[in-house]
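Asker:
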Amino acid sequence: MNRILPVKQFCYRPYFIFILYFILGNMAEKHPIENMASDLNIPKEFTSQLELLKNVLLEIDVVKKNSGESALNKVELQADGKKPKASSVKSQLSAYKKELTETKEDIEKVKQALEAISVVRKACLENFTSLKSGAKQARKENSPAILKETAETLPLWVGDSNDAVPPLCGATQVDENYVANVGDMVAAFVTVKGKTLKEWILAEVNTYNPGTESYEVRDIDDKPSIIYTVVRWRVIPLPTMRANPVENPQAVFPKGSFVLALYENTTCFYKGMVSEPPSDAHKPYQIAFEDSDCEGGYSSPASVPQRYVLAFKEFEGL
713 MNRILPVKQF
723 CYRPYFIFIL
733 YFILGNMAEK
743 HPIENMASDL
753 NIPKEFTSQL
763 ELLKNVLLEI
773 DVVKKNSGES
783 ALNKVELQAD
793 GKKPKASSVK
803 SQLSAYKKEL
813 TETKEDIEKV
823 KQALEAISVV
833 RKACLENFTS
843 LKSGAKQARK
853 ENSPAILKET
863 AETLPLWVGD
873 SNDAVPPLCG
883 ATQVDENYVA
893 NVGDMVAAFV
903 TVKGKTLKEW
913 ILAEVNTYNP
923 GTESYEVRDI
933 DDKPSIIYTV
943 VRWRVIPLPT
953 MRANPVENPQ
963 AVFPKGSFVL
973 ALYENTTCFY
983 KGMVSEPPSD
993 AHKPYQIAFE
1003 DSDCEGGYSS
1013 PASVPQRYVL
1023 AFKEFEGL
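FYI, the numbering for the sequence shown is 713 to 1030, going by my numbering.
Right, dumping it as structure tokens:
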């Protein structure tokens, strides 16, 4: 069986999980990261991020093993009828502080690992969706399957208990003067070419003109690619991180909220109402879309990932 995995496949979750196990396994100590990248057909410029990821995950693995050994030793002592030496309040407090410090260090390591994964995945995705490969290839890679996979593997934001949820994490909004970066995915309110209909489309930022406060965006669904010029306030950047509703319930849209959500198997956003917010970081929203043909004026709820659920904005034509 051929072990070579193309970059496109590397971006998918099953192969990423395989790489994480590879990094954490015995093979990681025997094979340099450069060889692993070569074997998996991963571009060389990603090796530094893979090396960082490898080191962070190995550190986490060591901590887990040490914690497991400590717990095992305690169980063995109790099984033998022996009890640990009585500790004073001072020593117990010291042990607590040590555990707290180590836990915070572990959280930072997990953040580093998530960041490294995010960078590598984004680079991989950009590599094979690049317009340099031609409009036909780009359209192929912006299929519903790719959009779904990209949404489901959006990085999860992990912060301390006192940290404010950053903009573009889940439902957290950006400042009104925010300018999206070139290459960012956005929802853009445009008059669709060839039609008189105005719609919110999924698009990629090509350029931004600060003088006119307008973007040039590429409709990812059109063939050949069509460029629209759109004023800044008619563009909504997509979330770049998932929120964990268990830890940060304020970072998801609550039940009953009006939103713009990507309709299944399309690249257009439509008005909907949150039927159920996600119950955890991995679950999608349940969105009931506005539909005059349905009883009550809304469709049956459909699943929409956090990536494609935005704050509702109303303009003429909606």
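From the three backbone atoms N, C-alpha and C, an ideal C-beta is built for every residue, glycine too.
1) DSSP state of residue 924, grouped into three classes?
2) Go ahead and label residue 845 buried or exposed: buried means 16 or more other beta carbons lie within 10 angstroms of its beta carbon, across all protein chains shown.
3) Applying the criterion that 16 or more other CB atoms from any shown protein chain within 10 Å of the CB defines a buried residue, is residue 759 buried or exposed?
4) Could you name the residues of the same chain whose beta carbon sits closer than 8 Å to that of residue 813, not counting the 5 residues immediately before and after it, in chain order?
5) For the candidate residues 1017, 983, 963, whose alpha-carbon lies nearest to that of residue 871?
6) Please say whether residue 1010 and residue 1024 have beta carbons closer to each other than 8 Å?
7) Whose C-beta lies closer than 6 Å to the C-beta of residue 867 among residues of the same chain, with five residues either side of it excluded?
8) Hey, out of 937, 945, 925, whose CA is closest to residue 888's CA?
9) Rank 926, 948, 1019, 939 by C-alpha distance to the C-alpha of residue 997 and give the top, closest one.
10) If distances are taken between C-alpha atoms only, which option among 943, 909, 908, 933 comes closest to residue 922?
11) Could you tell me the alpha carbon to alpha carbon distance between residue 864 and residue 896, rounded to whole angstroms?
12) Mind listing, in chain order, the continuous beta strand (DSSP E) runs of no fewer than 3 residues lying wholly within the segment 976-1009?
13) If you reduce the DSSP assignment to three classes, tell me which class residue 932 lands in.
Answerer: Answer, in terms of the structure:
1) The residue given as residue 924 occupies position 212 in the sequence shown. Three-state DSSP puts residue 924 in coil, outside helix and strand.
2) Numbered from its first residue, the sequence shown carries residue 845 at position 133. Confidence at residue 845 is low in this model, with a pLDDT of 46, below 50, so the placement of that residue should be treated as unreliable; the coordinate-derived value is given next. Flag for residue 845 reads exposed.
3) Taking the first residue of the sequence shown as 1, we reach residue 759 at position 47. Result: buried.
4) For the purposes of this step, residue 813 is taken as the residue at position 101 of the sequence shown. Within the same chain, residue 813 has no close Cβ partners at all.
5) Position 159 of the sequence shown, counted from the first residue, corresponds to residue 871. Considering only alpha carbons, the answer is 963.
6) As a first step, residue 1024 must be located in the sequence shown, where it is residue number 312. As a first step, residue 1010 must be located in the sequence shown, where it is residue number 298. Not a contact, by the Cβ cut-off of 8 Å.
7) On the sequence shown, position 155 is the one that residue 867 refers to. Excluding positions up to five away in sequence, the list reads 826, 830, 953.
8) As a working note, residue 888 is residue 176 in the sequence shown. Measuring from the Cα of residue 888, the nearest candidate turns out to be 945.
9) Numbered from 1 along the sequence shown, position 285 holds the residue referred to as residue 997. If we check each option's Cα against that of residue 997, 1019 comes out closest.
10) The residue labelled residue 922 in the question sits at position 210 within the sequence shown. Nearest C-alpha to residue 922: 943.
11) As a first step, residue 864 must be located in the sequence shown, where it is residue number 152. As a first step, residue 896 must be located in the sequence shown, where it is residue number 184. Those two C-alpha atoms are separated by around 17 Å.
12) 980-988, 997-1001
13) Locating residue 932 in the sequence shown gives position 220, where the first residue counts as 1. In this structure, residue 932 counts as coil in the three-state DSSP scheme.
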